[in-house]
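The block underneath contains the structure these notes are about, expressed in structure tokens.
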Amino acid sequence: MCPRPCASWRGGRFRHALPEAVNARIAETQRRHPAVTKLGTDMAVPDEALESVVALYRRELAAAGLEFVIFGHIGDNHLHVNILPRTPDEYGRGRALYAEFARQVVAMGGSPVAEHGVGKLKTAFLSLLFGEAGVAQMRAVKAAFDPDFRLGPGTLFAPPAEG
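Taken in order, the sequence shown gives residues 1398 to 1560; the numbers are from our numbering.
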């Protein structure tokens, strides 16, 4: 028995090859369309929803004519879908699907934000997950500890409007 499974199948190399291939593909697209980026999801679902969410991803992305790669942490139902748009139009369709995936994942009892956190790109998903009242409570906690909104400016919450 091999003491290190990765050494026997070169899994360590694959671990880095996939993101490198995705990044190379997007770099090629950006030479023609600089504003087009990869759209990478970071969503998790309960055990009973894994097959459904994979079917949803495959069906909707294929119907939209978008290239994509699915990979991630199958043991905890936390998959990453990298949508690889080739044009600005595809980028727009990809963004719309990303938002729809977030809604569907929440409906399945999952989370549209997982290991990579919310950051600046997924703040709209907070209200899907916690509702407007929950987001208002988070904002109040932020204001209590950081009344001038100096920490992580613009991350999660914009500073209050001056007036």
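Glycine is no exception: its CB is placed at the ideal position from the N, C-alpha and C atoms.
Using the C-alpha atoms, what's the distance from residue j back to residue i?
{"i": "Met-1398", "j": "His-1413", "result": "Low confidence applies here, because Met-1398 scores a pLDDT of 40, under 50, leaving its location unreliable; read the following figure in that light. The alpha-carbon atoms of Met-1398 and His-1413 are separated by roughly 25 Å."}
{"i": "Pro-1556", "j": "Asp-1545", "result": "7 Å"}
{"i": "Lys-1539", "j": "Gly-1528", "result": "17 Å"}
{"i": "Gly-1472", "j": "Leu-1415", "result": "19 Å"}
{"i": "Ala-1537", "j": "Val-1515", "result": "17 Å"}
Closest by CA to residue i, which one among the options?
{"i": "Leu-1646", "options": "His-1470, Val-1478, Asp-1444 and Gly-1507", "result": "The displayed coordinates of the chain run from 1398 to 1560. Any statement about residue 1646 would go beyond what the structure contains."}
{"i": "Glu-1512", "options": "His-1475, Pro-1482, Gly-1506 and Asn-1420", "result": "His-1475"}
{"i": "Leu-1518", "options": "Arg-1428, Gln-1501, Thr-1434 and Glu-1457", "result": "Thr-1434"}
{"i": "Leu-1436", "options": "Leu-1447, Glu-1445, Glu-1448 and Asn-1420", "result": "Asn-1420"}
{"i": "Gly-1489", "options": "His-1430, Val-1502 and Pro-1550", "result": "His-1430"}
{"i": "Val-1503", "options": "Ser-1449, Ala-1432 and Ala-1418", "result": "Ser-1449"}
Anyone know if the C-beta pair for residue i and residue j falls short of 7 Å?
{"i": "Leu-1525", "j": "Val-1532", "result": "no"}
{"i": "Met-1505", "j": "Val-1442", "result": "yes"}
{"i": "Leu-1453", "j": "Glu-1464", "result": "no"}
{"i": "Arg-1492", "j": "Thr-1426", "result": "no"}
For residue i, count neighbouring C-beta atoms within 10 Å of its own C-beta (all shown protein chains included) and say buried if the count is 16 or more, exposed if not.
{"i": "Ala-1541", "result": "exposed"}
{"i": "Phe-1485", "result": "First, the residue type needs correcting, since residue 1485 is Pro and not Phe in the sequence shown. The residue is exposed, with fewer than 16 neighbouring Cβ atoms inside 10 Å."}
{"i": "Gly-1462", "result": "exposed"}
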